[in-house]
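When you read off a place in the sequence shown, starting at 1, and then add 1382, the result is the number in this note's numbering. Note that the Cβ used here is the ideal one computed from N, Cα and C, for glycine as well. Being a predicted model, the structure only gives us computed values, none of them experimental.
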Amino acid sequence: MEKKRYHAEEIIGAVLLAGMAVLTFLNVINRYVFKKSIAFTEEITVNLFVWITLIGIAMAFRKGANLQMTNLFDRFSPRLKRAATVAAGVIGILIFGFIIVNSCREIWKNMTFYRTTSEALGIPTWIYSLGTPIFSVMVIWEIFRSTFRKPKAPSAEGGE
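In structure tokens:
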């Protein structure tokens, strides 16, 4: 039996999701047993949800599971399909590049000028924002790989 190889984003996503589940579960138990909510759990889970979303986007590009207009795309010639794939990849890279630049600007402003902190824990808000440019780099890497990799030949069983 072949051992499954996990990618970094799968491991990071699983750890973050497990942490969110534990925090939310503890908050629910605390609410029912002690009739009080743990305020910081919502703060953390909401911010981690943004990170997990970006990780999921990177995973979708790696697996080729991102949304496509297949009814139109399937009618294209192979050459036009390749051009559409490259155009979509370039647009995706530009969008996430824009996200990286602007989130880095926002982090810089929060670190130097605003110095805002979160409500419940008093953590500097720029710490929560760090995941956006970091995981957007992962997304760009996967867009680049999925756009410019050579197509796989179908296997004998008809699947990938």
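Inset, instruction - Buried or exposed for residue 1395, please, with buried defined as at least 16 other CB atoms from any protein chain shown within 10 angstroms of its CB. - result: buried
Check your understanding: So does the segment 1431-1441 actually touch the segment 1510-1523, counting three or more Cβ pairs closer than 8 Å?
Key -> yes
Item to complete: Please confirm if the segment 1398-1405 is in contact with the segment 1421-1436, defined as three or more CB-CB distances below 8 Å between the two stretches.
Response: yes
* Alpha carbon to alpha carbon, what distance is there between residue 1457 and residue 1466? -> 12 Å
Determine the direct distance from the alpha carbon of residue 1483 to that of residue 1447, and round the result to whole angstroms. 26 Å
**OP:** Spatial neighbours of residue 1525 within its chain, please: CB distance less than 6 Å, with the 5 preceding and 5 following residues excluded, ordered by chain position.
**Re:** 1443, 1471, 1474 and 1475
* Chain-order list of residues whose beta-carbon lies under 6 Å from that of residue 1412 (same chain, five-residue window excluded) -> 1420
**Message:** Let me confirm a value: residue 1508 is counted as buried when at least 16 other C-beta atoms fall within 10 Å, else exposed. Which label applies?
**Reply:** buried
Handout entry: Chain-order list of residues whose beta-carbon lies under 6 Å from that of residue 1515 (same chain, five-residue window excluded)
Key = Correct list, in chain order: 1482, 1485 and 1486.
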